[in-house]
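Start counting the sequence shown at 238; every next residue gets the next number (my numbering). In this text, a Cβ means the ideal position worked out from N, Cα and C, and glycines have one as well.
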Amino acid sequence: MEKSSYDAVVVGAGLAGLMSAYYIAKDKHRVAVISKVFPTRSHSSAAEGGIAAYIKGNSDPNDNPDYMTYDTVKGGDYLVDQDAAELLSNKSGEIVEIMERWGALFNRQPDGRVAIRYFGGQTYPRTRFVGDKTGMALLHTLFERTSGENIDIFPEWFALDLVIDDSKRVNGVVAMEMKTMNPIFFKARAVVLATGGMGMLYRHTTNSYINTGDGYGMALRAGAPIKDPEFVQFHPTALYPSDILISEAARGEGAILKNVNGERFMTKYAPHKLDLAPRDVVSRAILTEVKEGRGYPGVYVGLDLTHLGEKYIKERLALAYEAAKTFAGVDAVNEPIPVRPAQHYYMGGIDVNTMGQNEEIKGLFAAGEAACVSVHGANRLGSNSLLETLVFGRETGITVSRYLSATPELSVDTNPEPILDEAYKFVKSESGVPFGEILEKLRDAMWDRVGVFRDEDGLREALSTITSLREKVKEMYVTDKSGVYNTEFFNALEMRNMMDLAVVIAKAALERRESRGAHYRLDYPKRDDANYLVHTLAYIRGNTVEITTKPVRMTRWQPEERVY
């Protein structure tokens, strides 16, 4: 196998990956950035509504970083590591100012300051935005910044697995060029997994097709734990029936959720925050309205923007307007947009500290949605994700740079060939179970049994189904045997990653017998701080999922009733 040597490899070219790469390369370390897609097509571009930040002199005069931290901790139902939330808040203004200085064109207030809007769970408005295309604007800005010295970007390359030596130290990554199927061992002393989320595990998701949990699967197979895997966020306003995201920016600008009777039903579920309650609260409210017969044709509710006026809608919510018109045939100026919940974000992730460092495998780092710092706890607040990618992407990059300066070159090569042999199993088989058949069954099991509402019987059924499907993965095969852009082959490898993560999610959800944030148990509807105010750590040991716990880091905020 061909070998290429770098100081660090970053897997993923979204905001977290590029920010990490920039700060590693800034100190003259050579970095390879491996991505399944061209960087500007990374899923960071799909984040629409904005980036949360407290900027001194440019925020609501009543706001401050402590309120921002408190909102994050409360929004995460007190499973948030509070030192991480404080870091996020205190660095937020600096990060937005950096992105603005680098060229991001934020919307402005009449006096020239960066504009702000409310997002769910915020005490004061602090979400900065570029219309409803904020992620795209930030990603393009950062991509331009990282297209320079000491960074080599490998677009349309698929990372197969981490190469780990006998001392549990990272030696690099095996990746394959998707066009030629040519594998290369990227030898490196440090690897940053910034591979994004896992929405393709679910039947309904706002995520792009590239979000298949690859980093989680790679970490699990290397022996690293996934922290808090049971916490999956569902966005309340996905466009019906396509599941395209209708940004929380719409509600931040004044859109109102209404049922088939024209009632503003959030008055029942969050009488103070109404439509701007956190996402877990709003998602459950919508599904409750539908279940009790107050939804449109039984499956969705209306998001009403009509009172905002055509000019305002088309200026501030252009993407939402166009999506509704193109994919649902609805003119939001005159009628409500049909919406329902869909999987959106993963609070769980590779266990790392606030510096992005995994403490079990030397040289392994993670950032962005692939990581669990944990800054979101049991439920992420809207507009904190873009902020997390940049704040912790930078912290991770700085830490990796320091690690490389203090860590000698690798003296012994580890054989990467078994990784390639394992991957090729899927194309060598001439018969078996098509990967697509397994995927459809997996997505149904996750949506029906490990979705917004969960219970003991459903989770046990899901775990049984997923365990069986995971065995079938060993019999999986692809019909396409070509050696050029064999997308079926890479889909099969994505399936392996999804299956490893799915069994961990289902097992952890079954073990957490309480309701907290996005994890809602119908049979245990109350939060149980006495037994479950702890992080879950989940490992895969062969065919077994091993669950342990670790304490939540508390600083200043004690748990209280979470009401909105």
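- Rounded to the nearest angstrom, how far is the Cβ of residue 353 from that of residue 338, given a contact under 8 Å? The C-beta distance from residue 353 to residue 338 rounds to 19 Å, too long to meet the 8 Å contact threshold.
- Would you mind sorting residue 566 into buried or exposed? The rule is 16 or more other CB atoms within 10 Å of its CB. Under this definition residue 566 is an exposed residue.
- Message: What residue range does the alpha helix (DSSP H) around residue 324 cover?
- Response: Note, residue 324: alpha helix (DSSP H), 319-339.
- Query: Between the beta-carbon of residue 603 and the beta-carbon of residue 430, is there less than 8 Å?
  - Reply: Between residue 603 and residue 430, the C-beta gap is smaller than 8 Å, which places the two residues in contact.
- With residue 647 and residue 424 assumed to form a contact (beta carbons below 8 Å), what rounded beta-carbon distance in angstroms separates them? A Cβ-Cβ separation of about 7 Å places residue 647 in contact with residue 424 under the 8 Å criterion.
- Query: Is the beta carbon of residue 258 less than 8 Å from the beta carbon of residue 383?
  - Reply: Cβ distance < 8 Å, so residue 258 and residue 383 count as in contact.
- Task: Would you identify the three-state DSSP class for residue 684, choosing helix, strand or coil?
- Result: In the structure shown, residue 684 sits in a helix (DSSP, three-state: H, G or I).
- Task: For residue 446, I'd like the list of residues in its chain whose CB is within less than 7 Å of its CB, leaving aside the five on either flank, ordered along the chain.
- Result: Excluding sequence positions up to five before and after residue 446, its CB lies within less than 7 Å of the CB of 437, all in the same chain and listed in chain order.
- Task: Measuring alpha carbon to alpha carbon, tell me which of 747, 767 and 491 ends up nearest residue 758.
- Result: Closest by alpha carbon: 747.
- residue 712: which of 730, 719 and 723 sits nearest, CA to CA? It is 730 whose Cα lies nearest to the Cα of residue 712.
- Could you give the residue range of the alpha helix (DSSP H) that holds residue 742? Segment 724-748, the alpha helix (DSSP H) holding residue 742.
- Query: Can you name, in chain order, every residue of its own chain whose Cβ lies under 6 Å from the Cβ of residue 736, other than the five neighbours on each side?
  - Reply: Excluding residues within five positions, the ones whose Cβ falls inside 6 Å are 707 and 710.
- Message: Taking only three categories from DSSP, how would you classify residue 361?
- Response: In the three-state DSSP reduction, residue 361 falls in the coil class, being neither helix nor strand.
- Report all residues from its chain with a CB closer than 6 Å to the CB of residue 308; omit the five preceding and five following residues, and keep chain order. The answer, listed in chain order, is 358, 359 and 360.
- Task: Write down every uninterrupted run of the alpha helix (DSSP H) in the segment 554-641 whose length is 4 residues or greater and which is fully enclosed by it, in chain order.
- Result: Runs of the alpha helix (DSSP H) inside the segment 554-641: 555-565.
- Task: Pull up the DSSP beta-bridge partners for residue 239, would you.
- Result: 421.
- Task: Would you identify the three-state DSSP class for residue 279, choosing helix, strand or coil?
- Result: Here residue 279 sits in coil by DSSP.
- Message: Which runs of the alpha helix (DSSP H) at least 4 residues long sit entirely within the segment 386-444? Give them in chain order.
- Response: The segment 386-444 contains no whole alpha helix (DSSP H) run of 4 or more residues.
- Message: Could you compute how far the alpha carbon of residue 378 sits from the alpha carbon of residue 372?
- Response: When the Cα atoms are used, residue 378 and residue 372 turn out to be separated by approximately 10 Å.
- Taking C-alpha atoms, which residue in 467, 506, 610 and 343 lies nearest to residue 801? Nearest C-alpha to residue 801 among 467, 506, 610 and 343: 506.
- Query: If you count every other CB in all the chains shown that lies within 10 Å of the CB of residue 668, and 16 or more means buried, which is it?
  - Reply: Answer is exposed; the Cβ neighbour count stays below 16.
- Below 8 Å between beta carbons: does that hold for residue 252 and residue 627? Taking 8 Å as the Cβ cut-off, residue 252 and residue 627 qualify as a contacting pair.
- Among 291, 656 and 285, the one whose alpha carbon lies nearest that of residue 556: Closest option to residue 556, Cα to Cα, is 285.
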